[in-house]
Amino acid sequence: MTGPGEKTDGEPFEGGDRQYSPTRLPGWLVEVFAPDRVQPDQLTRAQLGELSSQALLEHNDRREVWHANIGPIDTPQLLALHADLAEIVESNRQDGDKTKPAALVDAYPGLGKSTAVRAYGRALYRKQVALRGETTAAGDRRVPVIYIALTGNTSVRGLNASICRFYGLPTSGNADMLAERAVDAVLSMNTIAIIIDDVHFMSGSNSNAIRMANQLKYLANVFPVTLLYIGVGVQQRGLLREGLSPQQALLAQFGRRTTPLTLLPFQVEDNTGRRQWRTLLKTIEKQLVLANKYPGMLARDLADYLYSRSTGHFASLMTLINRGCLRAIRSGHERLDKNLMDQVKNDAAAEDARQELQAAIEAGLLTTRPDDGEQPRKSA
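First residue of the sequence shown? That's 1414 in this note's numbering, and the numbers climb one at a time after it.
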């Protein structure tokens, strides 16, 4: 007989890593259609000790890749964003002679906005294929949603080339040639939504903002799709105003055609926010595969600590927990606590903001504990 986690087929152990780029169609198809990962077995310390050295290596490898890929989690913020995106995208049933309004998800870094929008795109893609089939009436592959990410030196030509590159089309030629090529692909593959990430790279000088806003208006006019932009500080950078002054903003067509949305960090200033934070930690806690895990490990004993270390930013929180789980597995500690987590490094922005939050919590000015009668209790 074999122990938990041991192979019986004699095949090489490949692990659960999925290496792909969602900015290319083959990689995007992996993200859209790959099956959900299966949570590894929850083994006790005794069961871990019964594994052969090879089986233990494989079990730990499964746990590490599992912890690195937890989510997206249906937080109230994510569900609200998905509802807003669905309202915009799925009401855009206008004929091709009408411009479809766009959406802009504009939020601080580290809140998981790209993950959240791609999760919506994945669900929309699967819904469209289930409803209309994998191929179009002309026999082409149906690609309802595509995803591209911009870079710091994106030009009009570069934007068009990114769309062509996603579809696997040639990227030679000038901006107009690339645009025509991309339009043909959108029409033949029945694309209904294009996600454009890091759209803040389009802004900069007023002249560049005007040029890029005009390009986006051109895309909206020519492509019969809903454009979903993701960026940081886009409204403050003036892209919605097309580089115009606030007094001239009424003249900006791009702003009239774009609905701004956001994704907020977790806040614990009121009981509603504190309950949401506790629910999030409980949800994450259930997905951790550590031998010494116990109920309340995160949601009770580390709630304040994790809030101060992450400043309520989802991406910072998940980075911290993922790295903590890796350290807990490799050290044999098999649980998360303050002593272990103090050894874990987090992103610079979270660490810079940590001291003020931590001081407020220690002074009793801030707490993550809801006022619902639940008393703090330290684990044995």
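Think of the CB as a built atom: it goes at the ideal place given N, C-alpha and C, for glycine as much as any other residue.
If you check the beta carbons only, do residue i and residue j fall under 8 Å apart?
i, j, result
"isoleucine 1605", "valine 1530", "no"
"proline 1453", "tryptophan 1479", "yes"
"threonine 1685", "alanine 1516", "no"
"valine 1558", "tyrosine 1538", "yes"
"tyrosine 1533", "leucine 1498", "yes"
"glycine 1428", "leucine 1676", "no"
"phenylalanine 1426", "glutamate 1500", "no"
"alanine 1766", "threonine 1724", "yes"
"alanine 1595", "isoleucine 1576", "yes"
In chain order, what residues of the same chain have a beta carbon less than 8 Å from the beta carbon of residue i, not counting five sequence neighbours either side?
i, result
"threonine 1512", "Ala1633, Asn1634, Arg1670"
"tyrosine 1720", "Phe1679, Val1681, Trp1690, Leu1770, Ile1774, Thr1781"
"aspartate 1430", "Val1478"
"alanine 1793", "Per-residue confidence for alanine 1793 stands at a pLDDT of 35, beneath the threshold of 50, marking its modelled position as unreliable; no derived number is given."
"phenylalanine 1446", "Arg1539"
Starting from residue i, follow the beta strand (DSSP E) in both directions and report where the run begins and ends.
i, result
"valine 1558", "1558 to 1562"
"valine 1638", "Taken as a continuous stretch (DSSP letters only), valine 1638 belongs to no beta strand (DSSP E), as it is neither H nor E."
"valine 1530", "Segment 1526 to 1545 is the alpha helix (DSSP H) holding valine 1530; no beta strand (DSSP E) there."
"threonine 1672", "1671 to 1674"
"aspartate 1610", "1606 to 1610"
"leucine 1739", "Counting along the chain, leucine 1739 falls outside any beta strand (DSSP E), though it belongs to the alpha helix (DSSP H) covering 1727 to 1744."
"alanine 1574", "That residue, alanine 1574, is in no beta strand (DSSP E); its alpha helix (DSSP H) goes 1569 to 1580."
"leucine 1770", "Counting along the chain, leucine 1770 falls outside any beta strand (DSSP E), though it belongs to the alpha helix (DSSP H) covering 1761 to 1775."
For residue i and residue j, what's the separation of their Cα atoms in angstroms?
i, j, result
"glutamine 1771", "isoleucine 1643", "31 Å"
"glycine 1552", "proline 1489", "40 Å"
"alanine 1763", "threonine 1549", "47 Å"
"lysine 1699", "lysine 1758", "23 Å"
"serine 1658", "phenylalanine 1614", "Confidence is the limiting factor: at serine 1658 the pLDDT is only 49, short of 50, which leaves the residue's position unreliable, though a coordinate-based value still follows. Straight-line Cα distance between these residues: approximately 20 Å."
"aspartate 1474", "threonine 1584", "39 Å"
"aspartate 1784", "isoleucine 1774", "15 Å"
"asparagine 1705", "arginine 1458", "8 Å"
"aspartate 1717", "leucine 1749", "14 Å"
"glycine 1737", "methionine 1754", "6 Å"
"leucine 1464", "valine 1451", "20 Å"
"arginine 1535", "leucine 1778", "41 Å"
"serine 1434", "valine 1443", "9 Å"
"glutamine 1756", "arginine 1713", "20 Å"
"leucine 1701", "methionine 1710", "10 Å"
"alanine 1776", "leucine 1491", "32 Å"
"glycine 1462", "serine 1744", "14 Å"
"aspartate 1487", "threonine 1696", "9 Å"
"glutamine 1768", "leucine 1715", "16 Å"
"valine 1502", "glutamine 1455", "40 Å"
"arginine 1687", "arginine 1722", "16 Å"
"threonine 1567", "methionine 1590", "17 Å"
"aspartate 1510", "valine 1518", "26 Å"
"asparagine 1505", "glutamate 1547", "21 Å"
"glutamine 1467", "asparagine 1603", "48 Å"
"leucine 1693", "proline 1514", "33 Å"
"methionine 1574", "glutamate 1593", "Note on residue identity: the sequence assigns alanine, not methionine, to residue 1574. Distance between the alpha carbons of alanine 1574 and glutamate 1593 is about 11 Å."
At which residues does the alpha helix (DSSP H) containing residue i begin and terminate?
i, result
"aspartate 1597", "1588 to 1601"
"threonine 1685", "1684 to 1700"
"leucine 1491", "1489 to 1502"
"valine 1443", "1438 to 1446"
"valine 1478", "1466 to 1481"
"leucine 1517", "Careful: leucine 1517 lies outside any alpha helix (DSSP H), inside the beta strand (DSSP E) at 1515 to 1519."
"arginine 1460", "The sequence shown places glutamine at residue 1460, not arginine. 1458 to 1463 is the span of the alpha helix (DSSP H), which, as asked, contains glutamine 1460."
"lysine 1751", "1751 to 1754"
"serine 1723", "1716 to 1723"
Looking only at its chain, what residues have a beta carbon closer than 7 Å to the beta carbon of residue i, apart from the 5 residues adjacent to it on each side?
i, result
"glycine 1617", "Note on glycine 1617: pLDDT 49, under 50, position unreliable in the model; the coordinate value appears next. Excluding sequence neighbours, glycine 1617 sits near nothing in its chain."
"glutamine 1660", "Confidence in glutamine 1660 is poor, its pLDDT being 44 and thus under 50, which makes the residue's placement too unreliable to answer from."
"asparagine 1482", "Arg1450"
"arginine 1545", "Arg1555"
Given residue i, which residues of its chain have a CB within under 6 Å of its CB, disregarding the five upstream and five downstream residues?
i, result
"glycine 1523", "His1726, Ala1728, Ser1729"
"glutamine 1628", "Val1569"
"proline 1789", "Only weak support exists for where proline 1789 lies, its pLDDT of 46 falling under 50; the value from the coordinates is given anyway. Nothing meets the Cβ criterion."
"glutamate 1747", "Leu1703, Ala1704, Asn1705, Ala1741"
Hey, residue i and residue j are a contact pair by Cβ (cut 8 Å); roughly how many whole angstroms apart?
i, j, result
"tryptophan 1690", "threonine 1780", "At roughly 10 Å, the Cβ-Cβ gap does not stay under 8 Å, so tryptophan 1690 and threonine 1780 are not in contact."
"arginine 1476", "isoleucine 1742", "6 Å"
"leucine 1674", "leucine 1494", "6 Å"
"valine 1612", "valine 1638", "Contact flag wrong, Cβ pair sits at about 15 Å."
"aspartate 1597", "isoleucine 1561", "With 8 Å as the limit, aspartate 1597 and isoleucine 1561 do not qualify as a contact, their Cβ atoms being about 17 Å apart."
"threonine 1528", "proline 1485", "5 Å"
"tyrosine 1521", "valine 1647", "Their Cβ separation, rounded to whole angstroms, is 12 Å, which puts tyrosine 1521 and valine 1647 out of contact at 8 Å."
Using only the heavy atoms of the ligand GTP, determine whether one of them is closer than 7 Å to the beta carbon of residue i.
i, result
"valine 1635", "This structure does not include the ligand GTP; it has no bound ligands of any sort."
Is any beta-carbon of chain D found at less than 8 Å from that of residue i?
i, result
"threonine 1780", "The question asks about chain D, but that chain is absent: this structure has only one protein chain."
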